Structures are given as structure tokens and as C-alpha cells.
Amino acid sequence: MDPNMLLYASFSILLILFVSKLFKKSMHLPPSPFPKLPIIGHLYLIKEPVHRTLDTLSKTIGPVLSLRFGSSLVVVVSSPSAVEECFTKNDVVLANRRRFILGEHIGYNWSTMSSASYGDYWRNLRRLSAIEIFSTSRLNSFLLMRRDEVNQLLLRLSLNTRNEFGKVVLKPLLYDLSFNNMMRMIAGKRYYGEVVDDNEEAKQVRDIIEEVMSMAGAGYPGDFLPFFSWIDYKNYKKHAFVLFKKMDKILQGIIEEHKSGEGRNSMVGHLLSLQKSQPDSHSDVNIKGLMVDLIFAGSDTSSVTIEWAMSLLLNHPCVLKKARDEIDAVIGQDRLAEESDLSTLHYLHNIILETFRRSCPGTGLAHRVVGLVLASLIQCFEWERISDEQIDLTEGKGLSMPKAEPLKAMCKTRHVIDKVNT
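In UniProt numbering, the protein residues as written are 1 to 422.
Shown next as C-alpha cells:
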């Protein structure tokens, strides 16, 4: 080889290494695990459940660490002080979110509150949801509907548990309640439960919701490794688009029902009334985007929270007894617990706060639903574990972190169950 060529090559390599090291230092990245593999980065380290894997890494490397998921830089923050600094002092700097492929389709081209980029558009959506959907007056307008769904839950639970303990599986019952609460608020109709099991529209809605939640919880390699997106690995993008078309047809159908005067008291009806004076801010696409957010962010999260709370209470009978004693002392057995009672049930309120996740735009609605359901379950039934063994608290897969094993318990009605209206 020509000596000059060898010299130039050596110099070029040294220059590249120097610039690379200088650039890396200038980024001031937190420490990261070794090795970082070509192309995939640290993806080889990520195993289910992901939060447990990240917890193990943080205990080894430190409370703040950086990872490379393919072409994406990820920073994991696990200490309370660092989290506070990120989300109070630097919340605007860190307010944006990554654009996932599913959000392009199911999120109406990243235009929903849960997928839109931080800015004026997102702030307007947040303001709209706070004023027109989650305000006290709007939530109060659906109070009787929520009471009715809780009554349906209590009646279904009491079928085989009157006067003697019977085995129940709470998950499907809570799931139906949460989605019916949300769908009745959105569209004025029930889509879950035995009454609508054979209804074709309800069946389509249930199938679409299940498919979307399955895709969202599974994750997609193409979100971090562009090559998989280019080749449409496992037809993910095609499936997402087909699913979007089916979902959009259902949501647009609900809007058209309300436009033709068939709609009941609902969120869609209210937003359509605003559309007449503010068509740009309340377009059909914006309304459908809000419907998507409410369905997927505000339904199974409530049912999962209630199931976790009941699991923990059954593992701590003394806490369950104290909560029941408070309800009996404040409300008694002559009437059912109501949402208006929740502010006086301080011990129950603390139980809910111990179980809840971080605050969200719909926290007011969530507190009402979770609070009323928990108060009603504790007031109307005696609860026991199936055996002396503790309830399994292992986490399952999914964005809302459900239990790995659905909660099974023994319950028996109390006298106040007779106050439930059929």
C-alpha cells in the first residue's frame, strides 16, 4: 500500500474516533449498559415485564440511565428527585412524545390528545377536554348513568351469592362496567354485557377495541428499527390501516346518528352542538380523536385499578374491615353509597390514592367511578379469599399493567343489596 495512502487512512480513522468521542461527550448522556450492539442497540436487554427489566438495570447502573432502542435514544428515570426535576422543572422540555406507527392510523395521523405533539394544538385539545368533557357540570350530567352501571354490577354479583358465599371472577364484570360507563357517556349506548351480547354493532365495537388494545400492548419493532417499517414486518401497518377503517366507520356512524337526531344525552351530542359555532375546533375528526382517547385511555384503566385495589384489600383483611366500618358508620345499611358520599369516606379515599397511577386529564371521572364501585362492593358484600393463600399480585402484560392472574374471590351479599333497583 502507498505510504501516503496508509497515512491518510490512519489519520481519517483517528479523526473519526476523536469527533465521535467529542460528540458523545457533548451530549452529556447518562451512563448506559455495555455492550450496545450495532443496529439494535440495547433492545436485546429488554424482556417481559419491561418495567421489571428497567428496574433491574437502574439498580445496577443508577437512577438515571440511557438506552438505545435501535435508532432511538431512551432515558430511564427512576428516582423520585429526578422524576420531580423532569416533570416539574423541565416538563415543557420533555413534553413531546415519540410518534408510534399505531398513532398514525388509530390516532388519526397523531391528532389525538394522547398522540399529538406538544404545542398550541395539543393545549387546545387539553383545554377542550377539561371544559367540555371532564368539567364538574358535564360529569354530573352522567351521574345517573354511572349509578345504573354500578347497580348492574351489584346485581350480577349477587346472582349466586345471596345469603351464602359464592366464587366470583371480578375482571370481566369490572371490564364491562368500565367500558359501558365510557361508551354510554360517549355515545349514549351500552356495548357490553349479556343484554347486548348478540347485537351486531356492539359485537363489532368489542372486537375492534380488543384488536386495538392487543396491537398497542404488543409493541412493534418498526417503531425503533426503521427497516421493519419499510418492509411492513408481519403486515403490521396494513393491519393497523384496515383496523382504522373499521373503527372510523363505527365512530362516524355514531356521529351521524347524533346529527340525524337519534343521539341521546352524550359527549358526542354536546360536541356536535359546539360544532355549529366552532366548526374548525370541533370537526368530525377532532371529535373522533377524543372518542378514541376516552375509549382506550379511560376504560380498562379504571377496571384494572379496581381489580388491583380489591386484590390488595383481600390480602389485608384488617384494612378491608376498616373501610367497611367507615362506610357503615357514615352511610349505614339503609341506603346505597352515592358519589356525593365519597368526600366523607376519608379512609376509602386514601385507599384509592394508594392504588391510583399518576394524575391524568380524566382523573375527576376516574375518582368518581373507582370510588363509587369500591364503596359499593365493600358496602354490599362480605369478601374473603378463596383459600388461606395470598392473592397473586404478579403483573401481567399490557399498557395499563393488569394482573397476570384475574382476581377470583368469595363474596356474600349483605342486607343493603335489597336497596339496589332492578
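Cβ atoms here follow ideal geometry from the backbone N, Cα and C, with glycine treated the same way. Remember, predicted model here, so these are calculated numbers, not experimental data.
* Asked: Which whole runs of the alpha helix (DSSP H) in the segment 236–305 are 4 residues long or more, in chain order?
  -> Segments of the alpha helix (DSSP H) lying fully in the segment 236–305: 236–259, 267–275, 284–297.
* To do: Could you give the DSSP three-state label for C411: helix, strand or coil?
  => Looking at C411 - three-state DSSP - the assignment turns out to be strand.
* Can you list, in chain order, the residues of its chain whose CB lies under 7 Å from that of K259, leaving out five sequence neighbours each side? -> Hits under 7 Å: L272.
* Within the same chain, show all residues whose beta-carbon is closer than 7 Å to that of I391, passing over the 5 residues directly before and after it, in chain order. => Closer than 7 Å at the Cβ level, and outside the excluded window around I391, lie S311, L314, N315, R385, L407.
* Residue span of the beta strand (DSSP E) that contains L67, given as start and end -> That run of the beta strand (DSSP E) goes 64–69.
* Asked: Does the pairing of the segment 341–348 with the segment 277–284 give three or more beta-carbon distances under 8 Å?
  -> Contact fails: fewer than three Cβ-Cβ distances are below 8 Å.
* N421, buried or exposed, once every other Cβ within 10 Å from all chains shown has been counted against 16 -> With fewer than 16 Cβ atoms within 10 Å of its Cβ, N421 is classed as exposed.
* Whole angstroms is fine: what's the gap from A409's alpha carbon to H42's? => When rounded, the distance between both Cα atoms is 41 Å.
* Asked: Between the segment 171–179 and the segment 291–310, do at least 3 Cβ pairs fall closer than 8 Å?
  -> Verdict: yes, contact present.
* Asked: Can you tell which of S115, E84, F244, T161 has the C-alpha that lies nearest to the C-alpha of I417?
  -> Checked all of S115, E84, F244, T161; the closest Cα to I417 is T161.
* Asked: From S78 to P33, what distance separates their C-alpha atoms?
  -> Taking the CA atoms as reference points, S78 sits about 16 Å from P33.
* If you run the structure through DSSP and keep just helix, strand and coil, what is residue 462? -> Outside the shown range of the chain (1 to 422) lies residue 462, about which nothing can therefore be said.
* To do: Verify the CB distance criterion: does R385 have a CB-CB separation below 9 Å to chain C?
  => Although the question refers to chain C, the structure presented lacks it and comprises just one protein chain.
* To do: With a 10 Å radius around its C-beta and 16 neighbouring C-beta atoms as the bar for buried, classify V168 as buried or exposed.
  => V168 is buried by the Cβ-count criterion.
* To do: Have a look at K322, K288, V268, Y233 and flag the residue whose alpha-carbon is nearest the alpha-carbon of K249.
  => Of K322, K288, V268, Y233, the residue nearest in Cα terms is K288.
* Asked: Are there 16 or more other CB atoms within 10 angstroms of the CB of K203, so buried, or fewer, so exposed?
  -> By the Cβ neighbour-count rule, K203 is exposed, with fewer than 16 other Cβ atoms within 10 Å of its own.
* **Within 9 Å, strictly: CB atoms of L336 and K419** => Yes; because the gap between Cβ atoms is below 9 Å, this pair is in contact.
* Going along the chain, which residues of its own chain have a beta-carbon closer than 6 Å to the beta-carbon of P402, five neighbours each way excluded? -> A distance below 6 Å between beta-carbons, with the five flanking residues on each side excluded, links P402 to the following residues of its chain, in chain order: V304, G396.
* Roughly how many angstroms separate the alpha carbons of W110 and R414, rounded to a whole number? -> W110 and R414: Cα-Cα distance of roughly 49 Å.
* Per DSSP, the bridge partner or partners of S72 -> Note: S72 is bridge-paired with F69 in the DSSP secondary-structure output.
* Asked: Just how far apart, CA to CA, sit K21 and S72?
  -> For K21, the predicted structure reports a pLDDT of 49, less than 50, and the residue's modelled location is therefore unreliable. The matter cannot be settled from this model.
* Flag this pair as yes or no: are the beta carbons of G193 and L294 separated by less than 9 Å? => Between G193 and L294, the CB-CB gap reaches or exceeds 9 Å.
* To do: Specify, as a first and last residue, the run of the beta strand (DSSP E) that G166 falls within.
  => Unbroken beta strand (DSSP E) run through G166: 166–169.
* **For G217, three-class secondary structure by DSSP** => Shown here, G217 sits in a helix according to DSSP, grouped into three states.
* To do: Identify which residue in V92, R97, T88, L37 has its Cα closest to the Cα of F69.
  => When each option's Cα is compared against that of F69, the closest is L37.
* Using a threshold of 9 Å, state whether the C-beta atoms of V373 and T355 are closer than that. => No, they are not a contact pair.
* To do: Report the residue from A404, D232, L290 whose alpha carbon sits nearest the alpha carbon of L393.
  => The candidate whose alpha carbon is nearest that of L393 is A404.
* Spatial neighbours of E164 in its chain, beta-carbon cut-off 7 Å, leaving aside the 5 residues before and after -> The residues are K412.
* Within 9 Å, strictly: CB atoms of S266 and G188 -> Against a cut-off of 9 Å, the Cβ pair of G188 and S266 comes out as a contact.
* To do: Please determine if the segment 78–89 and the segment 98–109 are in contact, where contact requires at least 3 C-beta pairs separated by less than 8 Å.
  => Contact fails between the segment 78–89 and the segment 98–109, because fewer than three Cβ pairs, one in each stretch, are under 8 Å apart.
* Coil, strand or helix - L37 by DSSP -> Of the three classes helix, strand and coil, the one that applies to L37 here is strand, per DSSP.
* Cutoff 7 Å; reference E48; Cβ partners in own chain excluding five residues on either side -> Here the set comprises K397.
* Report the three-state DSSP secondary structure of E382 (helix, strand or coil). => Judged by DSSP in its simplified three-state form, E382 adopts strand.
* Spatial neighbours of R127 in its chain, beta-carbon cut-off 8 Å, leaving aside the 5 residues before and after -> Correct list: empty, nothing qualifies.
* Is the CB-CB distance between M247 and R184 below 9 Å? -> Going by C-beta atoms, M247 is not nearer than 9 Å to R184.
* Asked: Taking K321 as the reference, which of E382, L399, L154, A366 has the closest Cα?
  -> For the set E382, L399, L154, A366, the Cα lying nearest the Cα of K321 is the one of E382.
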